[in-house]
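Student:
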Amino acid sequence: MDKTCKMVSVKRAHNKLTKAAEEIDSDNAAKLLEAIEDFAKRIVPLFEEVELGRTRIQELENDQRHSSEHLTAKSRQVESLQQQCFELHSSNGVLEHKFLDALESAELLQTKTEESQRQLMEVKQSLVMREEEHRQAIDSLKRFKISDERKSEKVRGLKREVIELSQKLRQVREVREEEQDSWMDVDQEHKPTTTAPFGTDTHLPGLSSSNIAAADEGWNVTRNFGFEGMPRPGFGSRRDVDSKKMNRLTKKQPPGGSKASSNFPLNLDAKGRPKAAVHIGPKSTIRVAQRF
834 MDKTCKMVSV KRAHNKLTKA AEEIDSDNAA KLLEAIEDFA KRIVPLFEEV ELGRTRIQEL
894 ENDQRHSSEH LTAKSRQVES LQQQCFELHS SNGVLEHKFL DALESAELLQ TKTEESQRQL
954 MEVKQSLVMR EEEHRQAIDS LKRFKISDER KSEKVRGLKR EVIELSQKLR QVREVREEEQ
1014 DSWMDVDQEH KPTTTAPFGT DTHLPGLSSS NIAAADEGWN VTRNFGFEGM PRPGFGSRRD
1074 VDSKKMNRLT KKQPPGGSKA SSNFPLNLDA KGRPKAAVHI GPKSTIRVAQ RF
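Quick note on the working numbering: the sequence shown kicks off at 834 and runs consecutively.
1) Taking the DSSP output, what are the residues bridged to residue 1107?
2) Would residue 932 be called buried (16 or more neighbouring beta carbons within 10 Å of its own) or exposed?
3) Between residue 961 and residue 1099, what straight-line distance do the alpha-carbon atoms span, to the nearest angstrom?
4) Count the other CB atoms, across all protein chains shown, that sit within 10 Å of the CB of residue 845; report buried if there are 16 or more and exposed otherwise.
5) Pick helix, strand or coil for residue 1112, following the three-state DSSP scheme.
6) Near residue 1033, what residues of its chain come up, given a Cβ to Cβ distance below 8 angstroms and the 5 sequence neighbours on each side ignored?
7) Taking only three categories from DSSP, how would you classify residue 1034?
8) List, from N- to C-terminal side, the beta strand (DSSP E) runs of 3 residues or more that fit wholly inside the segment 978-1003.
9) Residue 880: buried (16+ other C-beta within 10 angstroms of its C-beta) or exposed?
10) Closer than 6 angstroms by C-beta to residue 1030: which residues in its own chain qualify, once you throw out the five before and the five after it? Chain order, please.
11) Who are the near neighbours of residue 1026 in its chain, counting only those whose CB is closer than 6 angstroms to its CB and skipping five residues on each side?
12) Could you tell me the alpha carbon to alpha carbon distance between residue 976 and residue 984, rounded to whole angstroms?
13) Do you know offhand how far residue 894's Cα is from residue 868's?
14) Hey, how far is the Cα of residue 942 from the Cα of residue 974?
Dropping the structure here:
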């Protein structure tokens, strides 16, 4: 037996030696039994202890192998975690850069949003103003349409009045022309021979209608076309005229307060200006042939 012998072999050898010692003679058997007893006390426990140590060592080796495998696995996990940490660190830098970009974009978007809101408020205010202007324009257009219709109606009325007045004027002109023709016929048949007070000829060429009317007022045209002279002026003496002016209390009236008379039929304002339009000249033109 050596140190590598197992405990079972040692116990088996002990049993064989004990059996052999019982079979031999008594002298040798006593010595052999002592040797076997010593073997059992010193060798067997030693081998038992060695066997226990071997078993323990084997268990420790197994535990060490398992621990080494576990440590290797943990080391691989640590390496994987280190790689993941490195990747996460790199990703953290990228994410931080992206976060800063996103924050800057958010600030820019907020600025643009505020600007858009301000522009939207301006557009709303402008829209309200445009709606108000549109409403005012529609109201003005309605008023203009109403005024245009009134003016059109007034123009149509004025046109009708113009047509009526034109017809009346045409009739008046025809009547005047007939009267003038009749007067011309009378003048040609009966020429007056009475001279003027100052010895001038009464038949002046180119007399106007007003002069002819003034000249014809003194004639009394009858069937025999006789002529009656105008009455003498009934002026009194200058003394009577001056006394009448002195005895009468006169009050100067303002220009605007003067009433229209037959000699000056115009209504004047406070500054002496006519209140209405004034027609200057004759209302119509009368064509009269020259008389010689």
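No residue lacks a Cβ here, since even glycine has one placed at the ideal position from N, Cα and C.
Tutor: Walking through what the data contain:
1) The secondary-structure analysis by DSSP pairs residue 1107 across a beta bridge with 1101.
2) exposed
3) 56 angstroms
4) exposed
5) coil
6) Reliability of the predicted coordinates at residue 1033 is poor, the pLDDT of 41 falling under 50, and the value obtained from them is presented with this limitation in mind. Excluding positions up to five away in sequence, the list is empty.
7) With a pLDDT of only 43 at residue 1034, under the threshold of 50, the placement of this residue in the model should not be trusted, and no figure is reported.
8) none
9) By the Cβ neighbour-count rule, residue 880 is buried, with 16 or more other Cβ atoms within 10 Å of its own.
10) Any reading at residue 1030 must be qualified, since the residue scores a pLDDT of 43, below 50, and its modelled position is unreliable; the value itself is stated next. Taken in chain order, the list of residues that qualify is empty.
11) Model confidence at residue 1026 stands at a pLDDT of 46, short of 50, so the residue's coordinates are unreliable and nothing is read from them.
12) 12 angstroms
13) 37 angstroms
14) 45 angstroms
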